[in-house]
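Structure, as structure tokens:
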Amino acid sequence: MRKDDSTVARRQCGASTVSAPDTLPVSAIIATKERPSELQQTLLSLLHQSRTPDTIVVVDQSFSSSSRLAVEALFGAPPDCARTPRLLYVLDPSISGLAAARNRGMTMAPPGIWLFLDDDVQLEPGFVQALCEAYSLNPDISGAAGVITNYKRPAPLYRVWERFFCRGPFHDERQPLYWRNQLLNAASPVPVKKFTGAGMSFRSARVQTLSFDERLTGVCDGEDIEFCQRVTGPLVIVPGARYRHHRSPTGRSKQHWVHRHALANTYIYYLHWRCSPLNRVRFGWLSLGYLVLALAGCLRRGNSSAWRALRQARGQALRLATASPRRA
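Positions in the sequence shown are counted from 1; adding 5 to them yields our numbering.
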């Protein structure tokens, strides 16, 4: 592998190069920044799939060379697997944020199924195969995502708050599927309106004219949900495509969780949901819910951090939504 910052393309051949029948080529797209050990574990779980991807695209935003060295070590002496995918690797620290890195990966990936993964996930061996089977059996679907198996059920008070205040498009139908993953292991694909970006995929033909919103720079929640709002065609979560999301602390937002929750929902509301009169009522109701949370946080902590976080989130969301247009 070359040592400069340019794209590297390489194919390693294992014992067999036979692809699974009746499936489109799969390209895994991974954006990473300063997480060499986590990235290596993610790549290892890809290489040990029962149906390995045809291509792995790594967009590395790191300033150090640690992640590049980890990739070189892994693909220089690949583990024993049926077929080692083609590797496309680029190191470019000037890329700012997950959205921009994923867009770069989309320009590099060949047509087929584009599988977007975070760099701190660990896939079960049948993950890719389960997604491919969902696409094969459901030719109308535009996207398929996996089930996260290590997300803990939130505290009862938070679940009550969410059920009471998060209505319509603000309701998160993904989380209950994660909490009940053991019961759904053999279930059919579940229709949803939004994905978690840690493990989601799309038919490239349905999203090749789209891009992630590059106004969301740095560490910013909601780029996955916002992208899904612009995808035409059904989206499903595949219970058999299972993985763990370890949520590495490196590079993760240190903002108050109320800030992150309110920023993502407010931003997407102004872009996609406010045209509906009913959604305007729902957003007003959610805003009241945020005020309740902020007040409770202030009383519990004896300071105004939750209130400040909420105000900052609302202001930031409005600035982002009225900024220069995003890419397609």
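Even for Gly, the Cβ is constructed at its ideal location relative to N, Cα and C.
Can you list, in chain order, the residues of its chain with a C-beta nearer than 6 Å to that of residue i? Leave out the 5 residues immediately preceding and following it.
i, result
"V64", "A36, V95, A106, R109 and G110"
"Y274", "F288"
"L1", "Any property of residue 1 remains undetermined from this structure, which presents the chain solely from 6 to 333."
"F217", "A104, R107, N108, E228 and F232"
"R185", "none"
Starting from residue i, follow its DSSP beta bridges and name the residues at the other end.
i, result
"A36", "V64"
"I242", "A150 and V195"
"Y248", "L128 and I153"
"W262", "Paired residues: none, contrary to the question."
"M205", "F121 and A150"
"L96", "D65"
"V286", "Looking at the DSSP assignment, V286 forms no beta bridge with any residue, so it has no partner."
"V31", "I118"
Evaluate residue i with the Cβ neighbour count: other Cβ atoms within 10 Å of its Cβ, from every protein chain shown; 16 or more gives buried, anything less gives exposed.
i, result
"Q66", "buried"
"S147", "buried"
"E228", "buried"
"L128", "buried"
"P282", "exposed"
"P26", "In this prediction, P26 scores a pLDDT of 40, lower than 50, which makes its location untrustworthy; the coordinate-derived value is nonetheless stated afterwards. By the neighbour-count rule (16 or more Cβ atoms within 10 Å), P26 is not buried but exposed."
"Q54", "buried"
"Q46", "buried"
"P48", "For clarity, residue 48 is Leu in the given sequence; the question names Pro instead. With 16 or more other Cβ atoms within 10 Å, it is buried."
"V62", "buried"
"S206", "buried"
"A314", "buried"
"G117", "buried"
"F80", "buried"
"A328", "exposed"
"S69", "exposed"
"R91", "buried"
"R208", "buried"
"S50", "buried"
"L188", "exposed"
"V263", "buried"
"A210", "exposed"
"L93", "buried"
Can residue i and residue j be called in contact, C-beta distance under 8 Å?
i, j, result
"P58", "L120", "yes"
"D123", "A33", "no"
"T271", "A311", "no"
"R249", "V133", "no"
"T343", "S101", "The structure shown does not extend to residue 343, since the chain is modelled only from 6 to 333, so the question has no answer here."
"T112", "L52", "no"
"G131", "G245", "yes"
"G294", "F170", "yes"
"V197", "L142", "no"
"E231", "L276", "yes"
"C137", "R73", "no"
"R179", "K157", "no"
"P194", "A139", "yes"
"L325", "W166", "no"
Spatial neighbours of residue i within its chain, please: C-beta separation below 7 Å, excluding the five flanking residues on both sides.
i, result
"R168", "none"
"Q235", "Before going further, note that residue 235 is Arg rather than Gln in the sequence given. For R235, where only same-chain residues beyond five positions count, the Cβ hits under 7 Å are L215."
"D145", "G238 and P239"
"Q321", "L268"
"A192", "P244"
Please report the Cβ distance between residue i and residue j, rounded to the nearest whole angstrom; I am assuming they are in contact, meaning their Cβ atoms lie under 8 Å.
i, j, result
"H251", "E77", "The Cβ separation is near 23 Å, so there is no contact."
"P30", "S71", "Not really, about 30 Å apart at Cβ, beyond 8 Å."
"A269", "D226", "4 Å"
"I242", "A150", "5 Å"
"T60", "A114", "6 Å"
"L182", "V212", "About 22 Å; that fails the 8 Å criterion."
Enumerate in chain order the residues of its own chain whose CB-to-CB distance from residue i is below 8 Å, with the five nearest sequence positions on each side excluded.
i, result
"N284", "G173, P174, Y274 and W278"
"W290", "F170 and R172"
"N190", "P244, G245 and R247"
"D177", "E167, C171 and K199"
"S309", "C303"
"L296", "L315"
"D97", "D10, V64, D65, Q66 and R109"
Within 7 Å: the Cβ of residue i and any heavy atom of the ligand FAD?
i, result
"S101", "In the structure on display, the ligand FAD does not appear, and there are no ligands present to speak of."
Comparing the C-beta of residue i with each C-beta of chain D, is any distance below 8 Å?
i, result
"Y94", "Absent from the structure: chain D. Only one protein chain is present."
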